[in-house]
Amino acid sequence: MDSVNSTKSSLVCHDPHSYGHFDVWHHRHRNLMQSPTSLFFMQVSLITIVSQLVDACLKPMGQSSLVSQIIGGLLVGPSMMGHQKLLAKFFFPQKGVLVLDTLAYFSLVFFFFLWSLKMDVPTLLKTEKRPIIIGLSIFVFTSSIPIGLAFTFKRFLSMDRSLSRSLPFIALSQSLTVFISIAVLLTDMKLLNSDIGRTTISAAMSADIIGFGLTVFMFVALQSNGNPLIMVFSILSIIALFIVIIFVMRPIILWTVKSSGGESVNELCLICVILSVLLSALLSELVGQHFVMGPIILGLAVPEGPPLGTTLVGKMETVCLAFLYPVYLAITGLNTDIFKIDMKSLWIVTVIVVLSFFIKIGAVMLPGYFYKISMKECLVIGFIINGRGVAELSLYTIWLRSKLMSQQEFSLMVISILLINIILAPLIRCFYDPSKQYQTGRRCTIQQTRRDSELRVMFCIHNIENMPTILNLLEASYASRESMVAVIALVLVELIGRARPILVAHQPHDKLHSMACDSNHIDNALRQYSQQNHGYASVQSFTSVSTFNTMHDDICRIALDGRANILILPFHKRWEIDGRIDATNRSTHTMNIKVLERAPCSVGILVDRGILRGSSSLLTARSIFYVSVLFIGGADDVEALAYSSRMARHEFVNVTVVRFLQFGEENSKDRKHDSDLIDEYRYYNAGNRRFEIMDEVVKDGIEMSTCIKRLIDYFDLVMVGKEHTECAMLQGHDQWSECPELGVIGDMLASQDFVTKASVLVVQQQRLRGRFLKHTFNSGPNQRDQLVHDVPMDEISSSQCTISMDKF
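In this text, residue positions in the sequence shown follow full-length UniProt numbering: the first is 1, and each later residue adds one.
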């Protein structure tokens, strides 16, 4: 293993016959690891197995994959298992390490290309002033104080010659805030889509531009050895590299995309991109820069998003991040030897690193004070900014190969990166819980609103197929002079091919985001709904481009800022015209569950079977829209009842409330309470023939299911609460539940075995700090307090979400 860690030049001889085939049957007396292929497969398998085992142990603790992979390398490296010379010689002889190093560098090229490809350059250029100031503050303070302290230590403290030479570089590296490292950390912690995540990523982008320029200049200075002429030619060659990549390689790639039709990317285009990545790495080496510089520039030059960026990330990300990236991190651990560290060097480097850690936090707090960012948020942003990753590791590897630092300093910096990332995860989670920002003490439900107040409905839209049923539901919500409807439409687009999530607030005459599926059709449908309601309905559109893991943050934030009374989500299953399930989206399923747990208002999950019935739109056909409410009891059923009561005011909507009564429980307290509430809604709709309440007395769940099957096909839409009061007719149904987020009855109605053409809306009333809202007698439809204030739609602008959205 010493051969792995040595920075001295070594001569390695390879036997050409060693590349032949070895097996246990024909070469019993030979070491099978003498075969380079056998040795390589064994090394990669060992690294992968150990790293995955460590990751399985640390992931429940919230640690990132970077920590697991480095620890995996340390375990098999000279710090642990490789400290035994016999094991080191068997598993990692010097000739085998050369092959691993080649694979590691290859992985580094595509890792940096993919992450730079994900960077949204146009959005970066439109970054607000606040993140830019934070980024500049971070760079100025961390590049001045630690470097000054390093030179002070060099002058007044005795230390190793190697440490004295590398200490200014170590201090300088602390000033770097690499966007890629921050993005990976936020992705691992699922904070990329949070308010703080957006602010941090913008600040990191700003600081990274300066850091990238500083790194390039440092390479030029090292290559020139103080010769001004060489420095000038080096700078000119870098400019030439930019010109070749931007004005030669980029047009060729775009031409191949255009020649493929523009909608998809063919194999020729993929081959062209891969060759361009390798060629850009080669050109970087030829001009005296590190080989990752060319792929980074190329990644920034290639358009992110569909079709090219999305396809490239989809095809290359799995191999790079699941295989090549872990191998590079593990090899970094292999090059780390904690036994080479002496205590004096340890405390000197520790002082520099710890001081830089707190300086970065202070550098965030200083501009944060002037921009009125809370100290707690500044602290969390400071923690995230201190994140380290593969970019810093690659920089230290370069310095190790260039003999700017010895293995002692390299090991110290790798251990510092490891320890900082270990403590960051619990610190960030301790000080910041993104779900708490949606907790509210204000009641945002349909039940709690006055009959003459504005109904604020938020819809999440995945594609154009959601629109027919959504439009019918909107029209049925009845926009009128007495009670207008404010629609908040959020188009959800999966984040593929870019690193930074986007939340766009559209102006009234803007088109939806170009990445949204069928955006023009969705936009036209919403505008038609608004126009045909003669000013009584207003529409505000948003587009969220994010990963499904964090998309619930955008949904809950818009619902909170928009003061929505109900938030309606599409179900994760889609039906074909013959009644079979066409597709199931597990990511949408998980997202819906997260929204139900965190939503600041009532939530409805829409099981859309409109394609089966083929019913025409209420907006145009003016046909009767039949709605049924299955009422068993409980706050969720009351919310569904309140919504249907509003629908009954529409002249083309017929509402039937089917109340199921448990046989033999006539005198129960819950039943009397529900009866009083039902009587209020009956009184409120007195004289309205379009609102009908019918009672069904059942003995058990079988009778109730039979009754529902008998009635359901008379309706276009069936509404039911998610949870109900406990009763005998529900017992046993939860044992067969496939989708618990729909509740017992909702799951039965959404089942493929339940043959019906009716769409289903499963309603969950707002949970106030995790509990049901108390629905008392005096909270009925005719005596409610004005608890939800009317807010004009033009007040819901990006100014309310200055951190959480970009305004296009």
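Ideal Cβ positions, reconstructed from N, Cα and C, are used throughout, including at glycine.
No experiment lies behind these values; they were computed from the predicted model shown.
Residue from 545, 697, 652, 718 with nearest C-alpha to residue 809: Because the chain is modelled from 1 through 808, residue 809 falls outside the range shown and cannot be assessed.
Who are the near neighbours of residue 517 in its chain, counting only those whose CB is closer than 6 Å to its CB and skipping five residues on each side? In this prediction, residue 517 has a pLDDT of 48, which is less than 50 and means its spatial position is unreliable; nothing more can be read from the coordinates.
Taking one C-beta from the region 158–169 and one from the region 345–352 each time, how about it: are there three or more such pairs within less than 8 Å? Yes, since at least three Cβ pairs between the region 158–169 and the region 345–352 fall closer than 8 Å, the two stretches touch.
Every unbroken alpha helix (DSSP H) within the region 191–247, with a cutoff of 4 residues, ordered by chain: 195–224, 228–244
Closest residue to residue 77 among 650, 411, 676 (Cα-Cα distance): 411
Excluding the 5 residues preceding and the 5 following residue 832 in the sequence, name in chain order all residues of the same chain whose CB lies nearer than 6 Å to its CB. It is not possible to answer for residue 832, since the shown part of the chain is limited to 1 through 808.
DSSP three-state call for residue 52: helix, strand or coil? helix
Other residues of its chain near residue 129: CB distance less than 7 Å, five sequence neighbours each side excluded: There are no such residues.
Which term fits residue 384, buried or exposed, when burial requires 16 or more other beta carbons within 10 angstroms of its beta carbon? buried
Report yes or no: do the region 475–493 and the region 447–460 share at least 3 C-beta pairs separated by less than 8 Å? yes
Taking the DSSP output, what are the residues bridged to residue 656? 628, 692
What residue from 489, 549, 201 has the CA that sits closest to residue 559's CA? With distances taken between Cα atoms, residue 559 lies closest to 489.
Measure the C-alpha to C-alpha separation of residue 386 and residue 179 and round it to an integer number of angstroms. 11 Å
Rounded to whole angstroms, what is the Cα-Cα separation between residue 741 and residue 650? 30 Å
Residues near residue 771 by beta carbon distance below 8 Å, same chain, minus five either side: Residue confidence for residue 771 is low, a pLDDT of 48 falling below 50, so the modelled location carries little weight and cannot support an answer.
Whole-angstrom C-beta distance between residue 241 and residue 275, which should lie under 8 Å: At roughly 16 Å, the Cβ-Cβ gap does not stay under 8 Å, so residue 275 and residue 241 are not in contact.
Close beta carbons around residue 105, own chain, < 6 Å, minus the five adjacent residues each side: Nothing listed; no residue qualifies.
Cβ neighbours of residue 136 in the same chain (closer than 8 Å, five flanking residues each side left out): Scanning its chain for C-beta atoms nearer than 8 Å, with the 5 sequence neighbours on each side dropped, one finds around residue 136 the residues 206, 207, 210, in chain order.
Continuous alpha helix (DSSP H) stretch holding residue 721: start and end: Per DSSP, residue 721 belongs to no alpha helix (DSSP H); it is in the beta strand (DSSP E), 717–721.
Buried versus exposed call for residue 855 [16 or more other C-beta atoms within 10 Å across all chains shown]: Since the displayed the chain opens at 1 and closes at 808, residue 855 lies outside it and no answer follows.
Do residue 330 and residue 69 have their C-beta atoms closer together than 8 Å? yes
Measuring alpha carbon to alpha carbon, tell me which of 701, 110, 204, 67 ends up nearest residue 133. 204
Can you tell which of 401, 482, 629, 471 has the C-alpha that lies nearest to the C-alpha of residue 721? Checked all of 401, 482, 629, 471; the closest Cα to residue 721 is 629.
I need the straight-line Cα distance from residue 685 to residue 642, nearest angstrom please. 11 Å
Output yes or no for whether 8 Å exceeds the beta carbon distance between residue 196 and residue 377. Closer than 8 Å, so yes.
Leaving aside the five residues before and after residue 776 along the sequence, list all residues of the same chain whose C-beta is less than 6 Å from its C-beta, in chain order. Unreliable placement is indicated for residue 776, whose pLDDT of 39 sits below 50; the coordinate value is still reported in the next sentence. Counting only Cβ-Cβ distances below 6 Å, and skipping sequence neighbours, we find nothing.
Simplified DSSP state of residue 150, which is helix, strand or coil: Here residue 150 carries a helix assignment [DSSP, helix/strand/coil].
Once the 5 residues before and after residue 429 are set aside, which same chain residues still bring their CB inside 7 Å of it? 62
Could you tell me the boundaries of the alpha helix (DSSP H) in which residue 591 lies? 586–598
Look at the alpha carbon of residue 468 and the alpha carbon of residue 296, and state the distance between them as a whole number of angstroms. 44 Å
Cβ-based burial, residue 370 [other Cβ within 10 Å; buried from 16]: exposed
Check whether the Cβ atoms of residue 701 and residue 730 sit closer than 8 Å, and answer yes or no. Contact flag set, yes.
Three-state class that DSSP yields for residue 648 in the structure shown: coil
Residue burial classification, residue 535 (beta-carbon count within 10 angstroms, cutoff 16): Flag for residue 535 reads exposed.
Once you ignore the five residues that flank residue 422 on each side, which residues in its own chain have a CB closer than 8 Å to its CB? Excluding positions up to five away in sequence, the list reads 63, 67.
Count the other C-beta atoms from every protein chain shown that fall within 10 angstroms of the C-beta of residue 148, then say buried if there are 16 or more, exposed otherwise. exposed
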